[in-house]
Amino acid sequence: MESIGVLMACPMNTYLEQELERRFNLFKFWTVSDKTQFLKAQQNNIRAVVGNATAGADAELIDALPKLEIVSSFSVGLDKVDMAKCKEKGVRVTNTPDVLTDDVADLAIGLMLAVLRRLCESDRYVRSGKWKKGDYKLTTKLASNCHILVVACPLTEETRHIINREVIDALGPKGVLINIGRGPHVDERELVSALVEGRLGGAGLDVFENEPHVPEELFGLENVVLMPHVGSGTVETRKTMADLVLGNLEAHFLNKPLLTPVKNSRSTSSSSSYGPLRTKESFSMIITTSSELWHATAVGADAELIDSLPKLEIVKCKEKGIQVTNTPDVLTDDVADAAIGLMLACDWFVRSEDGEMGYKLTTKISGRSVGIIGLGRIGMAVAKRAEAFGCFISYRSGAEIPNTKYKGALVDESELVSALLEEGLAGAGLDVFEHEPQVPEELFGLENVVLLPHAASGTEETRKATADIVIENLEACFLNKPLLTPVLWHFEDKEQFINTHKDSIQAVVGSAAAGADAELIESLPKLEIVATCSVGLDKIDLARCKEKGIRVANTPDVLTDDVADLAIGLILAVLRRICESDRYVRSGEWKKGEFKLTTKFTGKSVGILGMGRIGTAIAKRAEAFDCIIGYNSRTEKPNLNYKYYPNLIDLASNCQILVVACSLTEETQHIVNRQVINALGPKGVLINIGRGLLVDEHELVSALLQGRLGGAGLDVFEHEPDVPEELIGLENVVLLPHVASATVETRKAMADLVVGNLQAHFGKKPLLTPVKIGVLLTTPMSNYLEQELAARFTLFKLWTQSCKNKFFQENSSAIRAVVGDTKCGADAELIDSLPTLEIVASYSVGLDKIDLDKCKDKGVRVTNTPDVLTDDVADLAVGLVLAVLRRVCEFDEFVKSGKWKNGHFELGSKFSGKSVGIVGLGRIGTAIAKRVEAFGCPISYHSRSEKSHANYKYYTNIIDLASNCQILIVACSLTEETHHIVNRKVIDALGPSGILINIGRGAHIDEPELVSALLEGRLAGAGLDVYENEPEVPEQMLGLNNVVLLPHVGSDTEETSKAMADLVIENLVAHFSNKPLLTPIS
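Per the numbering used here, the sequence shown runs over residues 1 to 1082.
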């Protein structure tokens, strides 16, 4: 192929250039001064063009190359390729999807500045309306461990500037510094220098050396989150601190022991380490008299102040013997919460240098290694919280801490940090513009914009993989083989594309935005597998996939941590007002006064809607904040220590923070409505990381505007990317553009799982994460039903399991539906043993084998098969009447036994004209009455209520009905009230000439009383299709000639059996397709 001319449109990457030069005759278009002359000279030699997102192949270039056969784009986007001209000229086009999907998807809509995921930046992004114009893309590839150093030690002479240049350099350009201790812990000049020069990846700062003055250089940095020293700035804590201060004062002046004495006093020189005295210039921040000084965070008491106040008794100075108190413990939780919030708020931005691309990364906190300097109260609290995120904890303190499981280090800080840094953090943060490389000048001054030179896929690994695909596409083209990545979604005429390629497409890869609906599935006859890069399956027609035998795989588990992290981050961002605080510092408002107090998270009651994987992970994290946890879910979860609320309104009434984490179904749409919001109340906070449609957005907006709800943190919306404009200006709301799982690590893991599932399928191996809709069939019913269920679902047959306990242990989580019948349905025990059960479909009309109360409690839907069996059961009822009265079965035996030759048989009784009473005038009772009318029979009935449509006589009392009829037919449903409705009194009222027919349920009749009446001649005869303890039938009946016994076959005709099976299946399909049930039981 060395003679084939390939034109490279612009510089892309060295590897690509080298490989093109090695394999082809490469022309570099950007090195040519006179392009017109060049094209004229080489027009017959160039058969391929390689372009990218900057320069591709426009109409002019294509027309200038008559021998051009293929344009290969070193990108996914094709806006630099004239597709119409290529189509006109028969030029093939390829791009590079999949290999850079992770990069560009991870770049997608980012708003991760205030909570390890840029909440502040993201909040501004949504509020600015930019989401409507397109996704804010996150880019990264192979984000390795990002390490975090938290400064939480007390300030002493030894710890002043403990974070110096050496420590910062050891932390490195991939590391993040969190300071919730004191400003002088950090050499601020070195910190600013490191951040500006890119020697440090990022910082979250609540304290500064010369508060309220903040280095101006920090204001323009997006990789820094700045808080106005509000670590303990909650209403609750500040009040407690004030009470403690007052209590100490009272104790001292009453000669009582101080509540919180400082035992290890520091020298005067230590006090001076807080920096120059600013008491006079910040006088409003303290209350001072000749005998007492209130010690605020911003001002202390140095030697000069102590010497100037001879009567001072409460600011400790060892030399003067003055006692000192502080306010420990009460602020520990707040400061630790703030530390975790800052960890979650930091982003990492390696600045561009000399035209090289920079990377703006968003990453997860879960699983990170966290170093803590100072393992005191606050340090331990930070460790406890970080541990809930699965972080590895190391610490440095003045001495090794006994009885701790964390790794201690009595070495210097730089060694500790170096030990934590096992691997660098790789990745990029990128942006794109309409008229590249021209960038609107207005953007340069915006703090919420990072301007980078269109390098979304700019990682070494991705660029190499992209180059490989370009080359393989070129080789495939010239070897007349199928292209690896022909352009799919950029064809204007998708129908034509499908028609052209339908026989070659064997797999579909979808996401939460677009999957595989019935139309797409039907149009791809060779489709074998649908792999979705999401957990949710609402964009896939699962029933159609099952019908067609198409396998389905999703990406569960891998995004659980990310979404749970984000939920906690949103809570902290709303309660602690992190985004607002960041804006407050950047705007310079801090110099004008203190930032208003926020609300603490620790100890709050948290309600979680949906206790699945994500809900459980959120609960685990919230536990680290000592939160009281309750939840609402379809079913109560075993082995959970959280309080279960079967009713969502009750949950909302009993929590301060409600986190929505359930899946979206027909039942859960707008599950958070006005009633729930009002139950949560004006101090409540709503967090939604599920789906936008779970919350009635109109009611949410109304509640926030009217003050009926305290605040909200939203990652999802009803009509994404449209966000209600009313929310944009609210400070008590944090808005994210649906990025809960948008971290480098998770997006890569999801992509790996999608690819792994495809490889497993086509390699004839088990799928890594198959989607199974398990259906449990409780007992044999009909062959047709079994076959259809097995064809559409993963079918489990309960009656074939020898050890049911073991069966449920292994399969309970896969079973989402139960199909039962009149013999075996779904009792409370079965329902409780299936935690993911969503629906019970009864292969019958009756529901007595289903615990309806339990289903209601658990939110399990129920369907039956009415109407289709009405005619069959009514026919059989009349048949039983005739069989008993006309002794049909007895006569059949009389003939078959040869007894007819020996003489005449006894006569039977006529049916026509007899009075008939019907118990239960529902569908079946009405159909029986219609048939009986044809025999000229007077008809009367007993039912729960009189039927307006019936012209038959109504009896409110069943005994009166039995007293006034010769044939009593039982056709009502079985309930607690109708159990043994036919008792001795009713039988005796029917009398020795009466006939009893039962096609309802066995338990309608007191069976021992029936047997007794038949044996004693108190009842003339009976026709029974049902029994109390099926398949057991009282032995005394077996020898009676005046009884006709059938094995519960009222609806057992071939036609009706099939119709019932179809109805069961259609209800299941409707449920799992989020469509209305055909025959729901309300």
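Here a beta-carbon is modelled for each residue, glycine too, at the ideal position from N, C-alpha and C.
Remark: C-beta atoms of L921 and D715 do not approach each other more closely than 8 Å.
Closest by C-alpha distance to C937, out of S945, A543, K910, is K910.
At the C-beta level, L575 and V508 stay beyond 8 Å of one another. Secondary-structure assignment with DSSP links R92 through a beta bridge to I70.
Closest in alpha carbon position to S833, among R887, L195, F808, K849, is F808. Per DSSP, reduced to three states, the secondary structure at F793 is coil, with no helix or strand assignment.
When DSSP states are grouped into helix, strand and coil, D650 belongs to the helix group. Between V1049 and G713, the alpha-carbon positions lie close to 58 Å from each other. A distance below 7 Å between beta-carbons, with the five flanking residues on each side excluded, links L1015 to the following residues of its chain, in chain order: Q1036. Around the beta-carbon of H213, fewer than 16 other beta-carbon atoms lie within 10 Å, marking it exposed.
Taking a contact as a CB-CB distance under 8 Å, the pair G630 and K643 counts as one, their CB atoms being some 4 Å apart. In terms of Cα proximity to L847, the closest of G1023, K823, I568 is K823.
Nearest in C-alpha terms to E731, of all of G710, R747, K748, is G710. Between V1033 and M750 a beta carbon distance of about 59 Å is seen, past the 8 Å cut, so the two are scored as non-contacting.
One alpha carbon belongs to V873, the other to A817, and they sit about 27 Å apart. A contact is defined here as three or more CB-CB pairs under 8 Å, and the segment 937-952 fails this definition with respect to the segment 886-905. Within the same chain, V818, G820, V840, I850 come within 6 Å of A826 by CB-CB distance, once the 5 residues on both sides are set aside. Fully enclosed alpha helix (DSSP H) runs of no fewer than 4 residues occupy 1007-1016 of the segment 988-1031, in order along the chain.
Secondary structure at A573: helix, using DSSP grouped into helix, strand and coil. Taking the C-beta atoms as reference points, C579 is found no nearer than 8 Å to V754. Around the beta carbon of W590, 16 or more other beta carbons lie within 10 angstroms, which makes this residue buried. For the 8 Å CB-CB criterion, I529 and R551 form a contact.
Contact between V878 and I928 holds, with the beta-carbon distance rounding to 7 Å and staying under 8 Å. Within the segment 871-950, the complete beta strand (DSSP E) segments at least 3 residues long are 916-919, 939-942, listed from N- to C-terminus. Residue state for L524 is assigned as coil, using DSSP reduced to three classes. In the DSSP annotation of this structure, K546 is not part of any beta strand (DSSP E); the continuous alpha helix (DSSP H) holding it starts and ends at 542-548.
Taken in chain order, the whole alpha helix (DSSP H) runs of length 4 or more contained in the segment 1041-1076 are 1054-1072. Here V916 is actually not in contact with G1023; their C-beta atoms are around 13 Å apart, not less than 8 Å.
The secondary-structure analysis by DSSP pairs Y954 across a beta bridge with Y941. Annotation for G615: the continuous alpha helix (DSSP H) segment containing it runs 613-623. L686: member of the beta strand (DSSP E) spanning 685-688, first to last residue. Under DSSP, the beta-bridge partners assigned to Y631 are I608, Y644.
For the 8 Å CB-CB criterion, L65 and Q37 do not form a contact. When the alpha-carbon of S663 is set against those of L680, D538, M1060, G908, the nearest one is in D538.
Residue burial is scored here from C-beta neighbours: N554 has at least 16 other C-beta atoms within 10 angstroms and is therefore classed as buried. Pairing K526 with I505 gives a Cβ-Cβ distance under 8 Å.
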